[in-house]
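Numbering-wise (the numbering used here), the sequence shown opens with residue 795 and increments by one. By construction, the Cβ of each residue, glycine as well, lies at the ideal position given by its N, Cα and C atoms. Just so it is clear, the structure is predicted and the values come from calculations on it, not from any experiment. Inspection log for the structure reproduced underneath, given as structure tokens.
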Amino acid sequence: MFDDRPAFGVRVRVLGGVTVAEVAGELDIFAAGRISARLDSLARTGCPDLVLDLRQVTFLDCAGLSLLCRLRNRVLEREGRLRLVIVDPRFLRLLRMVRLEDAFEVLEDLTPEVAGAGNAAAGGSGDVLA
Numbered sequence: 795m796f797d798d799r800p801a802f803g804v805r806v807r808v809l810g811g812v813t814v815a816e817v818a819g820e821l822d823i824f825a826a827g828r829i830s831a832r833l834d835s836l837a838r839t840g841c842p843d844l845v846l847d848l849r850q851v852t853f854l855d856c857a858g859l860s861l862l863c864r865l866r867n868r869v870l871e872r873e874g875r876l877r878l879v880i881v882d883p884r885f886l887r888l889l890r891m892v893r894l895e896d897a898f899e900v901l902e903d904l905t906p907e908v909a910g911a912g913n914a915a916a917g918g919s920g921d922v923l924a
């Protein structure tokens with residue numbers, strides 16, 4: 795029997811002045827089509843400092859890469875900053891293979907500045923937007 799539930803999800807949190815979008819599951823043509831409007835909205839109306847946490851992504855194809863490039867362009871149009879959190883060596887290798895390793899600022903984890911931005915001392919709310 796087939797499972798019709800989506801194999802992906804996005805959770806958005808605001809930590810201080812940083813919007814963190816945690817993506818989980820497969821980032822393929824199906825998922826990219828479903829979440830592109832949401833990520834575009836974050837780039838247009840959210841804060842210009844966006845972190846896309848891809849640690850829970852299990853699959854990434856060319857449509858997913860295209861989505862990342864599109865999001866990067868949207869953020870840069872607003873003179874913002876986009877960082878990707880990637881730990882899977884396959885995804886890092888993929889970025890190198892398609893010569894996008896210099897197009898993105900890649901983090902291995904949420905940096906202390908980002909992860910700690912949600913505490914009261916940093917003035918962050920840690921609000922979950924979705």
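Pair within 8 Å by beta-carbon distance, residue i and residue j
i, j, result
"residue 857", "residue 829", "no"
"residue 878", "residue 861", "no"
"residue 897", "residue 851", "no"
"residue 884", "residue 837", "no"
"residue 812", "residue 849", "no"
Burial state of residue i (16 or more Cβ within 10 Å)
i, result
"residue 804", "buried"
"residue 892", "exposed"
"residue 870", "exposed"
"residue 873", "exposed"
"residue 816", "buried"
Candidates the options, of which the one nearest residue i by Cα
i, options, result
"residue 827", "845, 844 and 865", "865"
"residue 859", "887, 905 and 903", "887"
"residue 903", "832, 831, 853 and 846", "846"
Simplified DSSP state of residue i, which is helix, strand or coil
i, result
"residue 888", "helix"
"residue 881", "coil"
"residue 837", "helix"
"residue 810", "coil"
"residue 925", "Because the chain spans 795 through 924 in this model, residue 925 falls outside it and cannot be assessed."
"residue 824", "helix"
"residue 904", "coil"
Close Cβ partners of residue i (< 6 Å) along its chain, the five nearest in sequence each way excluded
i, result
"residue 802", "819, 820 and 825"
Cut-off 8 Å between Cβ atoms - residues of its own chain near residue i, not counting five sequence neighbours on either side
i, result
"residue 899", "875, 876, 877 and 878"
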